[in-house]
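Input: a single structure, listed below in structure tokens.
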Amino acid sequence: MRKHVLPLGLAAILLSPFFLSSAQAQPTSVLTLEQAQALAASKSFTVIAAQREVDANDGAVRQAGAWRNPELNASVEDTQRATRTTTATVDFPIELGGKRAARVSAADRGRELAQAELSNVRGGLRADVVRAFFSVLVAQERVALTSNSADLAARGADAIGKRVTAGKVSPVDETRARVDQANAQLEAAEATAELQGARQTLAALWGDPEPQFGAVQGDIELMPTRAPASELARELDASPGLLTSRIEVDRRRALVDVERSKGVPDLTVSVGAKRDNELGRTQAIVGISIPLPFFDRNQGATYEALKRAEKANDEHQAARIRVLTELQQASSQLNVASASARTLKSTVLPAAQQAYDAATRGFEAGKFGFLDVIDAQRSLLQARARYLTALSTSNQAATAIDRLLGR
151 MRKHVLPLGL
161 AAILLSPFFL
171 SSAQAQPTSV
181 LTLEQAQALA
191 ASKSFTVIAA
201 QREVDANDGA
211 VRQAGAWRNP
221 ELNASVEDTQ
231 RATRTTTATV
241 DFPIELGGKR
251 AARVSAADRG
261 RELAQAELSN
271 VRGGLRADVV
281 RAFFSVLVAQ
291 ERVALTSNSA
301 DLAARGADAI
311 GKRVTAGKVS
321 PVDETRARVD
331 QANAQLEAAE
341 ATAELQGARQ
351 TLAALWGDPE
361 PQFGAVQGDI
371 ELMPTRAPAS
381 ELARELDASP
391 GLLTSRIEVD
401 RRRALVDVER
411 SKGVPDLTVS
421 VGAKRDNELG
431 RTQAIVGISI
441 PLPFFDRNQG
451 ATYEALKRAE
461 KANDEHQAAR
471 IRVLTELQQA
481 SSQLNVASAS
491 ARTLKSTVLP
501 AAQQAYDAAT
511 RGFEAGKFGF
521 LDVIDAQRSL
531 LQARARYLTA
541 LSTSNQAATA
551 IDRLLGR
């Protein structure tokens, strides 16, 4: 029976007042999950920004490996040409203590961090698309469900009205039926508004201010399955969040090496010539200079870098505990929601449907009152709503697991 629910649901959405009123403003094409993923991957500004950061770090790596430029110095003593002395030298700075290698290593770690964050952003986007897509799918089903409820309430109210006219039931029953009809219409309007919000959330993932699709199509009853939490925990080290924090630890340690290398003074070699016009000769000049690290050995910056590296390691450990906790919670939520959905589908929904069918037939035969039909209908709708909620919760939990593990 449920095999026909999805097409009917889509038909109800496309023929609802909301879509009929905006048919000229937006296309009615059906969107699949694969199409949504492709749109988000190609047009998301978040992914584009993360890619820019990777490109920027490529420049940082090139700059870190650059050699220091030599310096040209020139001086003139005396203004008279006959007694003038002119000196010109070129200073070649030579970095000691492994400064260049330390800079390059730190820049490499920065590029790795940017690449890991790009992968994290892409994985998060995929999870967001799945979550938003399924929210639209569930919202469509709720619109179809509440629309059917409103139709049933309207037909029931009309039937009660005819019985009141015939003097078979009390006018109080018609009043209650009209109240139930109004409530059903309000629920349908709220479901339509919820659908519009879900559609806008999905479209925003690829930068569209307004949805450019009519409806989404997918198997809403597809029950996601994941391995037990104990097995999932073995994949934690490859998760984007932990990978990013671990690379940040490596980058901070590389920055410690950079600061330590700065404590070693650099050597400057000078080569030049000195022209003495009064003596009529040119002399070669060779010299070296090196700062004496009596006071400043960059000890303060090195201490700061060490503490920041320790902080990054502590944050990595905290992130591991947090991700593990979230993974366990999502796995538990998935198990509970999946079990609820299976029970509702196999037991509760068939029983509620049978009760409603029996009450409807009994009402038409004059054996049951209208309130009995209303109660049976309300129980059926509540069971269907709970089933949708269980399906939504299970898919949201599975998406959370995939996001944590970078799938």
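So that you can map any letter, position 115 of the sequence shown is 265 in this note's numbering, and since no number is skipped, the others follow by simple counting.
Yeah, the Cβ is synthetic: ideal placement off N, Cα and C, and Gly gets one too.
Range of the contiguous alpha helix (DSSP H) that encloses residue i
i, result
"I471", "Q449 to T493"
"K424", "Counting along the chain, K424 falls outside any alpha helix (DSSP H), though it belongs to the beta strand (DSSP E) covering L417 to D426."
"G357", "Careful: G357 lies outside any alpha helix (DSSP H) and carries neither H nor E."
"T182", "Neither: T182 is in no alpha helix (DSSP H) and is coded neither H nor E."
"R259", "K249 to T315"
Spatial neighbours of residue i in its chain, beta-carbon cut-off 7 Å, leaving aside the 5 residues before and after
i, result
"A547", "A480, Q483, L484 and A487"
"A491", "M373, Y537, A540, L541 and S544"
"Q335", "A300"
"R553", "G273, G274 and A277"
"R396", "H466"
"L530", "A502, Q503 and Y506"
"A200", "E267, L268 and V271"
"T196", "V271 and L275"
Residue i versus residue j: straight-line alpha-carbon distance, rounded
i, j, result
"P321", "D330", "14 Å"
"G311", "L302", "14 Å"
"A353", "A388", "30 Å"
"E454", "K461", "10 Å"
"M151", "A502", "A caution first: M151 carries a pLDDT of 35, below 50, which makes its placement in the model unreliable, though a value can still be read off. Rounded to the nearest angstrom, the two C-alpha atoms are 14 Å apart."
"A210", "A264", "12 Å"
"T296", "D208", "54 Å"
"G556", "Q367", "25 Å"
"T241", "F444", "Correcting the residue identity first, residue 241 is Asp in this sequence and not Thr. About 23 Å."
"D446", "G247", "15 Å"
"S439", "G430", "29 Å"
"Q478", "R384", "12 Å"
"V286", "R313", "40 Å"
"A348", "N219", "58 Å"
"D507", "Q185", "40 Å"
"A232", "I435", "21 Å"
"E514", "A309", "9 Å"
"G437", "L222", "14 Å"
"I198", "E324", "60 Å"
"V288", "A304", "24 Å"
"A338", "R261", "51 Å"
"V419", "A266", "42 Å"
"A190", "R250", "40 Å"
"L268", "Q433", "59 Å"
"L386", "S380", "11 Å"
"A332", "L355", "36 Å"
"T493", "V180", "31 Å"
Close Cβ partners of residue i (< 6 Å) along its chain, the five nearest in sequence each way excluded
i, result
"A100", "This structure does not reach residue 100, given that the chain is present from 151 up to 557, and the question cannot be answered."
"A224", "A238"
"A509", "F518, D522, V523 and A526"
"G458", "The sequence given here has Arg at residue 458, not Gly. The residues are R402."
"G306", "A327"
"T351", "A282"
"L405", "A256 and A455"
"D407", "A252"
"S171", "Residue placement at S171 cannot be trusted, given a pLDDT of 38 that sits under 50; the coordinates are not used to answer."
"K153", "Residue placement at K153 is flagged as unreliable, the pLDDT there being 35, under the threshold of 50; the coordinate-derived value follows with that caveat. Counting only Cβ-Cβ distances below 6 Å, and skipping sequence neighbours, we find nothing."
"D187", "Checking the sequence, you will find Gln at residue 187 rather than Asp. Cβ neighbours of Q187 beyond the five flanking positions: V279."
Element boundaries [beta strand (DSSP E), containing residue i]
i, result
"T558", "Nothing in the structure corresponds to residue 558, since the chain is present only between 151 and 557."
"T342", "Taken as a continuous stretch (DSSP letters only), T342 belongs to no beta strand (DSSP E), being part of the alpha helix (DSSP H) at P321 to A354."
"V406", "Counting along the chain, V406 falls outside any beta strand (DSSP E), though it belongs to the alpha helix (DSSP H) covering P390 to K412."
"T375", "Unbroken run through T375: none, as it is neither H nor E."
"G437", "R431 to S439"
Beta-carbon contacts of residue i that lie in its chain and below 8 Å, excluding the five residues immediately before and after
i, result
"P441", "P415 and D416"
"R292", "A341, E344, L345, A535 and L538"
"P378", "S481"
"T182", "V366, Q367 and G368"
Is it a yes or a no for the region 354-362 touching the region 311-319, going by three-plus beta-carbon pairs under 8 Å? no
Check whether the region 396-405 and the region 421-434 touch, using three or more Cβ-Cβ pairs below 8 Å as the test. no
Unbroken stretches of the beta strand (DSSP E), 3 residues or longer, contained in the region 186-236: 221-227
Can we say the region 469-479 touches the region 433-451, given the rule of at least three CB pairs closer than 8 Å? Cβ pair count under 8 Å is below three, so no.
Using 8 Å as the threshold, is the region 196-206 in touch with the region 372-390, meaning 3 or more CB pairs across them? Contact between the region 196-206 and the region 372-390 is absent, because fewer than three Cβ pairs lie under 8 Å.
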